[in-house]
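A quick write-up on the structure given underneath.
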Amino acid sequence: VREMYHWLVDDGLTVNAITYRLRALGIPTPGKSPFWRNGRVHEILTNPAYTGKTYAFTYSYAEPKTNLDTSGRPKRKRLIRKPVEEWVEIPGENFQEGILPAWGC
């Protein structure tokens, strides 16, 4: 993660360029995907947990746009991410210190 931030901030690479570099270096993904995707890289780079901050209430549920899916079954509520301004920071000294400086992520 530190290296990814270095590439972003110091080397000025884009998310797309970082994704290609991770693939070229053969660095394994954190999940089950066999190769890096731009969405995963962006998710990591914008995750405030790496700066040592922890938040609650970052998601909420929304009603589906239609009540039934194509097979006639009821749809589940959609999980949507709230705007950052609505997140609640959890203060405390019990949390792990961030591995990165707070760059306004």
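Numbering follows full-length UniProt numbering, with no gaps: position 27 of the sequence shown is 27.
Think of the CB as a built atom: it goes at the ideal place given N, C-alpha and C, for glycine as much as any other residue.
Look up residue i in the DSSP assignment and give the residues it is bridged to.
i, result
"residue 78", "62"
"residue 50", "Partner(s): none; residue 50 has no beta bridge."
"residue 24", "For residue 24, which the question treats as bridged, DSSP gives no partner whatsoever."
"residue 8", "The partner list for residue 8 (beta bridge, DSSP) is empty, contrary to what the question assumes."
In three-state terms, what does DSSP make of residue i?
i, result
"residue 13", "coil"
"residue 88", "strand"
How many Å lie between residue i and residue j at the Cα?
i, j, result
"residue 10", "residue 19", "16 Å"
"residue 78", "residue 39", "19 Å"
"residue 66", "residue 43", "28 Å"
"residue 63", "residue 54", "27 Å"
"residue 3", "residue 34", "20 Å"
"residue 5", "residue 81", "23 Å"
"residue 17", "residue 68", "40 Å"
"residue 30", "residue 70", "33 Å"
For residue i versus residue j, is the C-beta distance shorter than 9 Å?
i, j, result
"residue 15", "residue 25", "no"
"residue 36", "residue 22", "yes"
- Task: Please determine if the region 48 to 66 and the region 76 to 93 are in contact, where contact requires at least 3 C-beta pairs separated by less than 8 Å.
- Result: Yes: the two stretches touch, three or more of their Cβ pairs being nearer than 8 Å.
- Message: With three or more C-beta pairs closer than 8 Å as the rule, is the region 62 to 80 touching the region 46 to 54?
- Response: With a cut-off of 8 Å, the region 62 to 80 and the region 46 to 54 do not count as touching, because too few Cβ pairs lie within range.
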